[in-house]
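K.L.:
There's a structure below that I have some questions on.
2 protein chains.
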Amino acid sequence: MAKKKTSIKDIAEALGISITTVSFILNGKGREKRISDEMTKKVQDYIKKIGYKPSHIAQSLRLGKSKVIVLMVEDISNQFFASIARLIEEKSYKNGYKIIYCSTDNDTDKAKELIGTFKVRNVDGFIITPTPGLENVVKELLEEGVAVVLFDRWMPEVDCSYVIVENKTSAEEATRHLMDQGCRNLGFVTVDSNQTQMMDRLAGFQEALKGSKVHSSILKVKFHTIAEQYASQRILEFLTSHPELDGVFFSTNYLAFEGLQALIKLGKKIPQQIKVVSFDDHYFFNLFQPPISAIEQPIEEIAESLMESMLKQLEGTGQNENQKIVLSNKLNVRESSVLH
Amino acid sequence: MAKKKTSIKDIAEALGISITTVSFILNGKGREKRISDEMTKKVQDYIKKIGYKPSHIAQSLRLGKSKVIVLMVEDISNQFFASIARLIEEKSYKNGYKIIYCSTDNDTDKAKELIGTFKVRNVDGFIITPTPGLENVVKELLEEGVAVVLFDRWMPEVDCSYVIVENKTSAEEATRHLMDQGCRNLGFVTVDSNQTQMMDRLAGFQEALKGSKVHSSILKVKFHTIAEQYASQRILEFLTSHPELDGVFFSTNYLAFEGLQALIKLGKKIPQQIKVVSFDDHYFFNLFQPPISAIEQPIEEIAESLMESMLKQLEGTGQNENQKIVLSNKLNVRESSVLH
DNA sequence: TTGAAAGCGTTACCAA
DNA sequence: TTGGTAACGCTTTCAA
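Going line by line, the protein sequences match chains S and Y. Heads up: the first sequence runs through residues 11 to 350, numbered per our numbering. Heads up: the second sequence runs through residues 11 to 350, numbered per our numbering.
Listed below in structure tokens is the structure:
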């Protein structure tokens, strides 16, 4: 039943020539090795006829490269990561690389284990949103000569290529925007994490407040996936115990979704009673009534930079500097944060 | 720099024993092959000490299996597929399989090419949302003994395992629900496609109408991704030219999103002026005001069934029947389709 | 109870 | 201009 695969050897036998010749032709070294045109043609025709494709596994073993890149994100079902994944996929397939993905849930042990599993498979590179405490593992990877690019957040202790966005600047801008719109009691809802992206957003928020008379209240909820719906209740309590708030900034979109749920429940009028801004723009922010102001990350550019940096390491000449890329975001002001 | 990898041979040399012995112990055949306990222990300790992991590539080559499953969906950045991906990932990693994903954009040529690329890599199985015209390629796969499970839609001409949902029944139920709520002029917005899932949803809609006096208007928009925002304008025109509509059924969630955008633009009151139901429930439907009624697919069960069927083929005894699994959906009635 | 060696499908060096 | 062959790292049969 299972039609056995033809190998390079079968071709050589069928054509009465050597494996070497076939291999050279397959790899386009015909000219270089000065193989006659008729021979080349004969082989190519035969290959096309029987539809032969070289075994990638064997090539990997021989070459020590697998043409596989691992995309390790926090949660592939999160819209932000899924969109990045889609773009990364496109770009890497175009360059002959396949993508294996995995989700860490921001769990260090899980991430370590996953990296271990993949080293065994000779994967050529890793694109990672690092979990806390992953420093040593990434260092090891680097020492072993594996290509690594971090994104979304980075690790100050590790000298590694990364692609991130201007978290602090954008958070500051959005906060100032709220203040410009008259907010005097701002809430900041974020996840309880020491990771750079969240720290920077908080820092931006606080920076904007410096020297102003605006009051601020901060809520840190523990890390969770949106499916858990954990934060909605916490945010509800937060909003209830801070009735003075006239503006709230969510540090990421799923917190905003949960926050909106809370605001709806409380019957708060946006933007009349409370103004809303969120990090990480999302299709729905536009659809929601009123549309929600949000900071849009340049998804396309992020994916582009990630692949560029990855390919540079993969195909590069060896000693290339680590690339540290910081991209700008865009604050999309919508009705949720402006007075009519 | 790059610390060279230790192989089974290095271990054998270091311990002054043969490769075979090491291999047997590694594969847990110590007992079976009656290798002495002290030898076993010695080897295991050494392996643990140097942190050796066998090369998966070499194993693949030798065994002809790669422990890789390809997940081929329409678009990995689509929430539905991303959620499935997340669950599939979890279940397959648990069973020692890795997942490579790719998006077809519902493009036949692209899908064919992708399948070609993966056959070369000895992947063990394919989980596929088939594009139109993929029948022959899938048949070939099956003939070659590769494990295949289709989902979301199936191909009547091909005898292949699949996991789908009760599209027709649910569409019928949702339509009847709209009729029960007093709708007399129903619109049905779908994509122009001959694929089973869309045909079945349309069939369900029409079935419900049979024998009733309810009028219906159908809009078929061409296939597109939500990023293109193509349908919003088309739906707007459709709604404008059918002012009599008092209910509309979207055959999939991204059409509903685009449709909601159109309804907002038109200033239509939901549900007072027009009632709305959509296929494929979504987090956002709950958040939208008013919350949108939708048919929820059992994502978890779908992923579960997919992996179960896949593993059965992969690890099974060979001649197992194809599994054709049809799961039930759940109509979540919300404010968008009921009178107060 | 352990070891030698063939073989999986390639690539690439060295010969011819 | 072409061919022989070692090597990549592993599993497994057969022999010792």
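For glycine and all other residues, C-beta sits at the position ideal for the given N, C-alpha and C. This structure is a prediction, so every number in the text was calculated from the model and none was measured.
Could you check which residue in S/Leu-188, S/Gly-214, S/Arg-194 and S/Cys-193 has the C-alpha nearest to that of S/Thr-200?
P.N.:
Selected option, being the one with the closest Cα: S/Gly-214.
K.L.:
If Y/Lys-122 sits next to Y/Val-83, beta carbons under 8 Å apart, how far is it from one beta carbon to the other, in whole angstroms?
P.N.:
About 16 Å separates the two Cβ atoms, so there is no contact after all.
K.L.:
Return the Cβ separation of Y/Arg-96 and S/Asp-85 in integer angstroms, given the expectation that the two are a contact with Cβ distance under 8 Å.
P.N.:
About 7 Å; that satisfies the 8 Å criterion.
K.L.:
Answer with buried or exposed for Y/Thr-30, where buried requires no fewer than 16 other C-beta atoms within 10 angstroms of its C-beta.
P.N.:
Under this definition Y/Thr-30 is an exposed residue.
K.L.:
Report the three-state DSSP secondary structure of Y/Tyr-107 (helix, strand or coil).
P.N.:
Three-state DSSP puts Y/Tyr-107 in coil, outside helix and strand.
K.L.:
Which residues in chain Y have a C-beta closer than 8 Å to the C-beta of S/Arg-244? List them in chain order.
P.N.:
Going along chain Y, no residue has its Cβ under 8 Å from S/Arg-244, so there is no contact; the nearest lies around 17 Å.
K.L.:
For the stretch 65-76 of chain Y, which residues have a CB atom closer than 7 Å to at least one CB atom of chain S, in sequence order?
P.N.:
Taking 7 Å as the Cβ-Cβ cut-off against chain S, the residues of the stretch 65-76 of chain Y that qualify are Ser-65, His-66, Ile-67, Ala-68, Ser-70, Leu-71 and Ser-76.
K.L.:
With 7 Å set as the bound, which would you pick, yes or no: does the beta-carbon of Y/Tyr-111 sit closer than that to a beta-carbon of chain S?
P.N.:
Cβ-Cβ to chain S under 7 Å: yes for Y/Tyr-111.
K.L.:
Helix, strand or coil, according to DSSP, for Y/Leu-173 in the structure here?
P.N.:
Checking the sequence, you will find Val at residue 173 of chain Y rather than Leu. Strand, per DSSP.
K.L.:
Which value, in whole angstroms, describes the spacing of the CA atoms of Y/Lys-120 and Y/Thr-114?
P.N.:
Using only the alpha carbons, I get a separation of about 6 Å.
K.L.:
Using a Cβ-Cβ distance cut-off of 7 Å, determine whether S/Ser-4 contacts chain Y.
P.N.:
Here chain S covers residues 11 to 350 and nothing more, so residue 4 of chain S does not appear.
K.L.:
Among residues of its own chain, excluding the 5 on either side of Y/Lys-101, which ones have a beta-carbon nearer than 6 Å to its beta-carbon?
P.N.:
Excluding sequence neighbours, Y/Lys-101 sits near Met-317.
K.L.:
What is the residue span of the alpha helix (DSSP H) that Y/Thr-200 lies within?
P.N.:
Element bounds for Y/Thr-200: not the alpha helix (DSSP H) but the beta strand (DSSP E), 195-201.
K.L.:
According to DSSP, is S/Ile-305 helix, strand or coil?
P.N.:
The answer is strand: DSSP assigns S/Ile-305 an E or B state.
K.L.:
I think S/Ile-35 touches S/Ile-45, with their Cβ atoms under 8 Å apart; what is that distance to the nearest whole Å?
P.N.:
Right, their Cβ atoms sit about 6 Å apart.
K.L.:
Tell me the DSSP secondary structure of Y/Val-158 in three-state form.
P.N.:
Three-state result, Y/Val-158: strand.
K.L.:
Is any beta-carbon of chain S found at less than 7 Å from that of Y/Lys-63?
P.N.:
By this cut-off, Y/Lys-63 is an interface position.
K.L.:
Beta carbons nearer than 8 Å to chain S: which residues of the stretch 266-285 of chain Y have them?
P.N.:
Against chain S - using a Cβ distance shorter than 8 Å - the residues of the stretch 266-285 of chain Y are Phe-267, Leu-270, Gln-271 and Ile-274.
K.L.:
In the stretch 254-265 of chain S, which residues sit with their C-beta less than 7 Å from some C-beta in chain Y, listed in chain order?
P.N.:
Listed by position, the residues of the stretch 254-265 of chain S near chain Y (Cβ gap below 7 Å) amount to none.
K.L.:
Count the C-beta pairs between the stretch 291-306 of chain S and the stretch 334-346 of chain S that are closer than 8 Å, then say yes if the count reaches three, no if not.
P.N.:
At 8 Å Cβ cutoff, the stretches touch.
K.L.:
Check whether the stretch 123-135 of chain S and the stretch 69-83 of chain S are in contact - that is, three or more C-beta pairs closer than 8 Å.
P.N.:
They touch, by the three-pair rule.
K.L.:
Are the beta-carbon atoms of S/Cys-170 and S/Val-156 separated by less than 7 Å?
P.N.:
Taking 7 Å as the Cβ cut-off, S/Cys-170 and S/Val-156 do not qualify as a contacting pair.
K.L.:
Y/Met-82 by DSSP, collapsed to three states: which one?
P.N.:
Residue state, collapsed to three classes: strand.
K.L.:
Nearest CA to the CA of Y/Ile-236: which residue from S/Phe-198, S/Leu-160 and S/Gln-89?
P.N.:
Nearest C-alpha to Y/Ile-236: S/Gln-89.
K.L.:
Between the alpha carbons of Y/Asp-202 and Y/Phe-233, how many angstroms are there, rounded?
P.N.:
Rounded to whole angstroms, Y/Asp-202 to Y/Phe-233 spans 6 Å at the Cα level.
K.L.:
What residue range is occupied by the uninterrupted beta strand (DSSP E) comprising S/Ile-35?
P.N.:
Note, S/Ile-35: premise wrong, no beta strand (DSSP E); alpha helix (DSSP H) at 29-36.
K.L.:
Taking the alpha helix (DSSP H) that S/Leu-255 belongs to, which residues open and close that run?
P.N.:
Premise fails: S/Leu-255 is in no alpha helix (DSSP H) and is neither H nor E.
K.L.:
Helix or strand or just coil, what does DSSP make of Y/Asn-116?
P.N.:
The answer is coil: DSSP assigns Y/Asn-116 none of H, G, I, E or B.
K.L.:
Quick one: which chain S residues come within Cβ less than 7 Å of Y/Lys-108?
P.N.:
Under the 7 Å cutoff, chain S gives Ile-110.
K.L.:
Measure the alpha-carbon distance for Y/Lys-52 versus S/Cys-112 and round it to whole angstroms.
P.N.:
Computed Cα separation, rounded: 35 Å.
K.L.:
If we count the other Cβ atoms within 10 Å of its Cβ and call it buried at 16 or more, is Y/Thr-250 buried or exposed?
P.N.:
Exposed: under 16 other Cβ atoms inside 10 Å.
K.L.:
Going along the stretch 171-193 of chain Y in order, which residues come within less than 7 Å of chain S, judged by CB to CB distance?
P.N.:
Answer in chain order: no residues at all.
K.L.:
What distance in whole Å lies between the Cβ atoms of Y/Ile-21 and Y/Tyr-56, which are believed to be in contact at a cut-off of 8 Å?
P.N.:
That pair is a contact at about 6 Å.
K.L.:
How is Y/His-225 classed by DSSP in three states: helix, strand or coil?
P.N.:
Strand.
K.L.:
Count the other CB atoms within 10 Å of the CB of S/Val-286; is the residue buried (16 or more) or exposed (fewer)?
P.N.:
Burial call: buried.
K.L.:
Output, in chain order, the set of chain S residues within a Cβ distance shorter than 8 Å of Y/Ile-236.
P.N.:
Tyr-293, listed in chain order.
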